[in-house]
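All remarks here apply to the structure that follows.
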Amino acid sequence: MPDPERAETPEQQVRRLYEEAEKETAEAMERLVNQPSFGRVLALMAENTVALAKVGADLGDLVLRNLRIAGRADVVKLSRQLNRTEDKLELVLQQVEALRRDSGSLPSATNGSSKPRAAQS
Amino acid sequence: MNGVERLMRAPVAALEAANVLLTVDDAVIGATPRDPVWTHRKTTLYRYRASDREHAVPVLLVFALINRPDIFDLRPGNSFVEFLLGEGFDVWLLDWGVPDDEDRDTGLEYYVCDAIPWALREVRRETGEPEVSLVGWCIGGAMAAMYGALEEPEGPVRNLVLLTTPIDTSGALYTKWVGTDDFDVDFIADRWDAVPGRAVDFVNKLMKPVTNFWTTNRRVVQQVMDGNSNREAYQTMAKWVADNPPFPSRAYREWITWMYKENRLVRGRIRLRGRTVRLSDIDHNLLVVTAGADHIAPRAGTLPVLDQVSSADVTHFDRPGGHIGLMAGSKAKNEVWPDLAEWLAERSGR
Chain V
112 MPDPERAETP
122 EQQVRRLYEE
132 AEKETAEAME
142 RLVNQPSFGR
152 VLALMAENTV
162 ALAKVGADLG
172 DLVLRNLRIA
182 GRADVVKLSR
192 QLNRTEDKLE
202 LVLQQVEALR
212 RDSGSLPSAT
222 NGSSKPRAAQ
232 S
Chain B
4 MNGVERLMRA
14 PVAALEAANV
24 LLTVDDAVIG
34 ATPRDPVWTH
44 RKTTLYRYRA
54 SDREHAVPVL
64 LVFALINRPD
74 IFDLRPGNSF
84 VEFLLGEGFD
94 VWLLDWGVPD
104 DEDRDTGLEY
114 YVCDAIPWAL
124 REVRRETGEP
134 EVSLVGWCIG
144 GAMAAMYGAL
154 EEPEGPVRNL
164 VLLTTPIDTS
174 GALYTKWVGT
184 DDFDVDFIAD
194 RWDAVPGRAV
204 DFVNKLMKPV
214 TNFWTTNRRV
224 VQQVMDGNSN
234 REAYQTMAKW
244 VADNPPFPSR
254 AYREWITWMY
264 KENRLVRGRI
274 RLRGRTVRLS
284 DIDHNLLVVT
294 AGADHIAPRA
304 GTLPVLDQVS
314 SADVTHFDRP
324 GGHIGLMAGS
334 KAKNEVWPDL
344 AEWLAERSGR
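Just so you know, the sequences run in chain order V and B. Take the first sequence: its position 32, counted from the start at 1, is 143 in the numbering used here, and no numbers get skipped. Take the second sequence: its position 121, counted from the start at 1, is 124 in the numbering used here, and no numbers get skipped.
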């Protein structure tokens, strides 16, 4: 019976060896990231990245503000006002629905009249 | 193909592989026709168009906060939405949109106590059906479970489906990283109004660094060299993976603290709008789907939900596959979706 290793072409051997090495590297890296120490490094990296991003963003905004150009903070402020308006509209919709329910003009499907779950499996 | 031929083909293959990698953004995902029915802030409720709706109970899909929900409808021929429509379901999708800095005050209570019930209200209004099947995946599954626990007994959810959902995070790799005191979630949430999706994705990929950063791309090149690459399959998945919406800082702080630092969900210690989320209050028809090779929401971290709920009808599917591959991989269409549709169909009559 021929040895399957001998039947492989050099190219196939290279590929097999490479894939084995890659798999072993992947497993080793997964063991590494499972270490508590990796978590500590990751936490420090995250904090440094966040701090740097914050400094950069604040600096950029300061420059724009001094040039009398709307910066990100101004856009966010306007967007938050829009959010609040949308929240109020949703509340108005709910009030209208409650009034329609009270007056009996809302279809039964939307007024919470479903059957108890226990009876339906 | 012999060695010489392969060598001669190498430059063409390199160009072709580069083209596959460089045109990922052009891939079309989420192509099934749908109509927006309701919006609030960044959240949109969609209804997919269908010519034949056999089952009375509509299906509402809810996805996680850290990727786009297009994974439910990845590409024609490999789309869970398309499959459900073909099986005669009325399919709805709750899309969280792309939050930004202005959404920093959006916490988990918005998603669980506002958006999900409001979407259910709209589904019932449009369909005229009193009940709905709620299907949550990953964080979307955890939020669906929280909603199910808080829902009144007469509430609209008849069937609750949890796909690869983190419930007990005590053994998860995430807990090793962000669950310790070394990771100061407040430092991050105080400085970023919305945690960039790319940052969350980078950390996710670090869980399997060689596979995610190297092997996936190397395989594309190899498959092109071998002449058996599936350009569309790779590009649609790569495009979806790279599309990471920001995580609103309040929701991020709550998710990390409650789920990974304090493991509150399984302990029944999450409180939303003054009410305690107890998994034991879930009494819906429940289907839990776990993936054997899931490293993000490991099976062992999902199974505790089965012991806690008070549902009379509980089913558990355990399938091979990863966190995403389970539902969106090439085998899902034949090995997972039919069982899921059958389970829903049996419980979706009037």
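Ideal placement from N, C-alpha and C gives every residue a C-beta, glycine not left out. Please read these numbers as outputs of a predicted model, since none were measured by experiment.
Around P212 of chain B, the beta-carbon contacts reaching into chain V at under 7 Å are M140, V144. Annotated three-state conformation of D98 of chain B is strand, per DSSP.
Put simply, the backbone Cα of C141 of chain B is about 11 Å away from that of P301 of chain B. Assignment of beta-bridge partners to F250 of chain B by DSSP yields B:V198. Within 8 Å of the CB of V187 of chain V, the CB atoms of chain B belong to D103, D104, E105, D196, in sequence order along the chain. A Cβ-Cβ distance of about 14 Å is found for the pair L153 of chain B and R272 of chain B, leaving them out of contact under the 8 Å criterion.
In the three-state DSSP reduction, I299 of chain B falls in the coil class, being neither helix nor strand.
Cβ proximity to chain B below 9 Å picks out L153, A154, L155, A157, E158, T160, V161, A162, A164, K165 from the stretch 153 to 165 of chain V. A Cβ-Cβ distance of about 20 Å is found for the pair N159 of chain V and K179 of chain B, leaving them out of contact under the 8 Å criterion. If you check the CB distance, V31 of chain B and T239 of chain B come in under 9 Å.
Taking a beta-carbon distance threshold of 9 Å, I191 of chain B counts as an interface residue toward chain V. For R281 of chain B, not one C-beta of chain V is nearer than 9 Å to its own C-beta. Looking only at B:K334, B:P323, B:R37, the smallest Cα-Cα distance to R52 of chain B is reached by B:R37. With respect to P251 of chain B, D108 of chain B sits close: the two C-beta atoms are nearer than 9 Å.
Assignment of beta strand (DSSP E) within the stretch 18 to 56 of chain B, counting only whole runs of 3 or more residues, yields 37 to 43, 46 to 51 in chain order.
For E112 of chain B, the closest of B:E105, B:V138, B:F83, B:W258 by C-alpha to C-alpha distance is B:W258.
Counting C-beta pairs closer than 8 Å gives three or more between the stretch 293 to 307 of chain B and the stretch 321 to 330 of chain B, which meets the contact rule. Listed along chain V, no residue sits closer than 9 Å to H58 of chain B by beta-carbon distance, the nearest being about 14 Å off. Note that the C-beta distance between R161 of chain B and S351 of chain B is below 9 Å. Per DSSP, I142 of chain B lies in no beta strand (DSSP E); the unbroken alpha helix (DSSP H) holding it starts and ends at 142 to 153. Taking 9 Å as the threshold, the shortest C-beta distance from R176 of chain V to chain B does not fall below it. Taking a Cβ-Cβ cut-off of 7 Å, F320 of chain B has no neighbours in chain V, whose nearest Cβ is about 17 Å from it. In this structure, the alpha-carbon of A168 of chain V lies about 12 Å from that of D104 of chain B.
A137 of chain V sits in a helix when the DSSP states are folded into three classes.
No Cβ of chain B is located within less than 9 Å of the beta carbon of S214 of chain V. Contacts with chain V (Cβ-Cβ distance below 7 Å) from the stretch 170 to 189 of chain B involve L176, K179, W180, T183, D185, F186, D187, listed in chain order.
Counted as a single uninterrupted DSSP element, the alpha helix (DSSP H) harbouring L268 of chain B occupies residues 267 to 270. Shown here, T130 of chain B sits in a helix according to DSSP, grouped into three states.
The beta-carbon of L209 of chain B is placed less than 9 Å from the nearest beta-carbon of chain V. DSSP, read as helix, strand or coil, puts L88 of chain B in helix. Taking a C-beta cut-off of 7 Å against chain B, the contacting residues of the stretch 121 to 132 of chain V are E122, listed in chain order. The criterion of a C-beta distance shorter than 9 Å is satisfied by K45 of chain B and D106 of chain B. Setting aside the 5 residues that flank it on each side, A303 of chain B is surrounded in the same chain by G174, each with a C-beta closer than 7 Å to its C-beta; the list follows chain order. In this chain, the beta strand (DSSP E) harbouring N288 of chain B covers 288 to 294. As DSSP reads the structure, H319 of chain B sits in a beta bridge with B:V291. Listed along chain V are E197, D198, L200, E201, each with a C-beta nearer than 9 Å to that of H43 of chain B.
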